[in-house]
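A quick write-up on the structure given underneath.
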Amino acid sequence: MQETTVCTAVWYCPVPRFFMAKTAVARLARKTKYELTPCAICGSREAVAVANRADLQREMERVWTFHNARFRHPVPPKYLTDRVVFSQLPAWRLVRCASCTHLYRSPRETPETVKRTYSEDALSESVYESAYARQSFFYRAQVERLLAFAGRVQHGLEVGSYTGGFLAAALEAGLSFTGIDVNPGATAFGARHGLPIATCSLEELNPSQMYDAIVIWNTFEQLSDVKSACLVANRLLRKGGVLAVRVPNSAFYTRWRHHLNDVWAPWAERMLVHNNLLGFPYREGFTARSLSRLLKDSGFTIGRVQGDTLVRVSDGWTKRAAVLDEWVTKELQRLTQRGWEAPWVEVYATTS
Ligand SMILES: [Zn+2]
């Protein structure tokens with residue numbers, strides 16, 4: 203693998219109110235290292251360019267402008283995380299694998315950079331508290347879907363627990379789940395709430411028993427090696443055990459970004475921004491074909507595909523009209539976009 207260090211110029215943001223966030227972006231850029239890799243799913247080096255750095259910067263500027271008009275200013279910078287400031291910088295280039303249709307960054311951040319980025323992503327107690335309150339409510343839906351798919355699940359593992367919202371919802375449903383996350387600040391917060399979360403990666407885990415289920419919600423697309431994660435998950439699951447992943451649908455992103463400058467622009471922009479897909483701030487972008495191939499190659503059989511939207515991202519710093527706008531957009535999406543037509547997709551699979 204070829205590895206290079208890229209000195210990134212400060213990412214230009216046209217919205218002066220977010221200056222503090224810009225300095226955080228510049229700090230992150232100085233630490234980031236990149237490498238050129240083949241497709242993480244099928245190993246092919248044949249790929250088609252989808253978006254370059256200038257395209258992605260224009261998209262991110264639309265994200266900033268979109269949220270700027272909807273915030274109740276002045277918003278403390280710490281509350282901008284995961285709306286206008288993401289853990290990873292915008293990609294230099296997004297490409298689609300010519301063989302399996304997977305969308306990925308090329309060049310991409312090295313595994314060491316990915317681990318450091320999420321390990322050092324420390325936030326304040328109030329931000330963790332806000333995330334925990336929202337997630338422990340919204341993750342009840344994932345618990346219900348998991349039990350509907352496999353009612354026998356009792357003992358499980360969550361990868362990327364963050365502050366423990368899913369663990370709290372699982373505990374409430376009488377399930378015994380433990381969690382892992384590489385962010386020590388988030389896991390310490392979860393531990394203070396009495397939740398069993400360890401600070402480590404899936405590859406570093408050494409459990410004493412097999413699991414009924416392993417779940418990875420909104421984290422799978424940010425792992426440094428998704429193939430390795432699937433193989434490790436297969437080893438840690440008992441026969442017939444469940445792997446559930448929730449991922450961004452890159453086919454949704456590539457389809458709707460083409461409408462950002464035509465008559466569909468207001469609708470396309472809403473759907474992409476409310477689901478954190480504009481600018482595609484993720485490491486991996488799955489399609490039905492690429493995720494099916496990854497799971498099959500790792501010894502899994504897909505049992506259920508559930509299309510969904512991202513959970514609500516508006517909060518107390520969002521104008522009331524904007525909260526309504528997000529709610530209406532996502533309700534319409536839930537009614538009209540099912541399965542792999544949806545912006546986010548949950549896939550439930552069992553070991554073969
Ligand atoms: Zn591929």
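Note that this note's numbering gives residue 554 to position 352 of the sequence shown, counting from 1, and the numbers run on in steps of one.
Beta carbons: idealized from backbone N, C-alpha and C, even for Gly.
Because the structure is a prediction, the values reported are computed rather than measured.
Look at the alpha carbon of residue i and the alpha carbon of residue j, and state the distance between them as a whole number of angstroms.
i: Val361; j: Gly481; result: 25 angstroms
i: Leu404; j: Phe391; result: 20 angstroms
i: Pro240; j: His275; result: 43 angstroms
i: Gly443; j: Gly518; result: 40 angstroms
i: Ala271; j: Ser500; result: 45 angstroms
i: Thr315; j: Cys402; result: 15 angstroms
i: Arg448; j: Leu493; result: 11 angstroms
i: Gly491; j: Val434; result: Per the sequence presented here, residue 491 reads as Arg, with Gly not at that position. Rounded to the nearest angstrom, the two C-alpha atoms are 21 angstroms apart.
i: Arg536; j: Phe454; result: 14 angstroms
i: Thr538; j: Asn463; result: 22 angstroms
i: Leu349; j: Leu497; result: 20 angstroms
i: Leu534; j: Asp427; result: 34 angstroms
i: Ala242; j: Val384; result: 21 angstroms
i: Val329; j: Ala523; result: 23 angstroms
i: Pro468; j: Arg485; result: 26 angstroms
i: Tyr320; j: Tyr236; result: 16 angstroms
i: Trp466; j: Leu258; result: 19 angstroms
i: Lys521; j: Trp266; result: 15 angstroms
i: Ala335; j: Thr456; result: 32 angstroms
i: Val277; j: Gln337; result: 21 angstroms
Using only alpha-carbon positions, find the residue among the options that is nearest to residue i.
i: Glu168; options: Ala388, Asn451 and Leu493; result: Missing from the structure shown is residue 168; the chain here goes from 203 to 554 and no further.
i: Ile504; options: Lys429, Thr553, Lys521 and Asn477; result: Thr553
i: Arg495; options: Val515, Ala524, Cys432 and Val384; result: Cys432
i: Ala300; options: Ser321, Ala271 and Gly245; result: Gly245
i: Leu377; options: Asn436, Glu261, Glu423 and Arg354; result: Arg354
i: Arg596; options: Phe339, Glu543 and Ala256; result: Residue coverage of the chain in this structure runs from 203 to 554, which leaves residue 596 outside it and unanswerable.
i: Asp345; options: Thr319, Val384 and Trp419; result: The amino acid at residue 345 is misidentified as Asp; the sequence shows Val. Of the listed residues, the one whose Cα sits closest to Val345 is Trp419.
i: Lys233; options: Glu311, Met262, Pro450 and His461; result: Glu311
i: Asn436; options: Phe502, Ile399 and Arg394; result: Phe502
i: Cys302; options: Arg247, Pro313 and His395; result: Arg247
With a threshold of 8 angstroms on Cβ separation, who are the neighbours of residue i within its own chain once the five nearest residues in sequence on each side are excluded?
i: Leu359; result: Phe379, Thr380, Gly381, Ile382, Leu407, Pro409, Tyr413, Ala415, Ile416, Val417 and Leu438
i: Arg459; result: Ala253, Glu261, Ala470, Leu474 and Leu480
i: Leu373; result: Phe379 and Leu397
i: Lys441; result: Thr553
Going along the chain, which residues of its own chain have a beta-carbon closer than 6 angstroms to the beta-carbon of residue i, five neighbours each way excluded?
i: Leu397; result: Gly366 and Leu369
i: Ala343; result: none
i: Asn478; result: Leu512
i: Val506; result: According to the sequence as given, residue 506 is Arg; it is not Val. If we look at Arg506 and ignore the five residues flanking it on each side, its Cβ neighbours are Phe351 and Tyr550.
i: Ala333; result: Thr365
i: Phe273; result: Trp519
i: Phe268; result: Val475
i: Ala375; result: Val345
With a CB to CB cut of under 7 angstroms and the five nearest residues on each side skipped, what residues in its chain are close to residue i?
i: Glu331; result: none
i: Val297; result: Ala249, Val250, Ala251, Val252, Tyr306 and Ser308
i: Leu425; result: Ala431
i: Tyr146; result: No information on residue 146 is available, as it lies outside the stretch 203 to 554 that the chain covers here.
i: Glu543; result: Gly509
i: His357; result: Ser378, Tyr413 and Asp414
i: Ser452; result: Leu305, Gly487, Phe488 and Thr489
i: Thr421; result: Val361 and Gly362
State the CB to CB distance for the pair residue i and residue j, rounded to an integer number of angstroms; the pair is presumed to be in contact (CB under 8 angstroms).
i: Pro571; j: Pro292; result: Lying before the first or after the last residue shown, residue 571 is absent from the chain, which here runs from 203 to 554.
i: Gly509; j: Gly487; result: That pair is no contact at about 16 angstroms.
i: Arg255; j: Arg318; result: The Cβ separation is near 22 angstroms, so there is no contact.
i: His476; j: Lys532; result: 6 angstroms
i: Pro386; j: Glu423; result: Actually they are not in contact, since the Cβ atoms of Pro386 and Glu423 sit about 22 angstroms apart, beyond 8 angstroms.
i: Glu548; j: Ala446; result: 6 angstroms
The stretch 521–536 in contact with the stretch 471–485 per 3-pair CB rule at 8 angstroms: Result yes; three or more Cβ-Cβ pairs closer than 8 angstroms.
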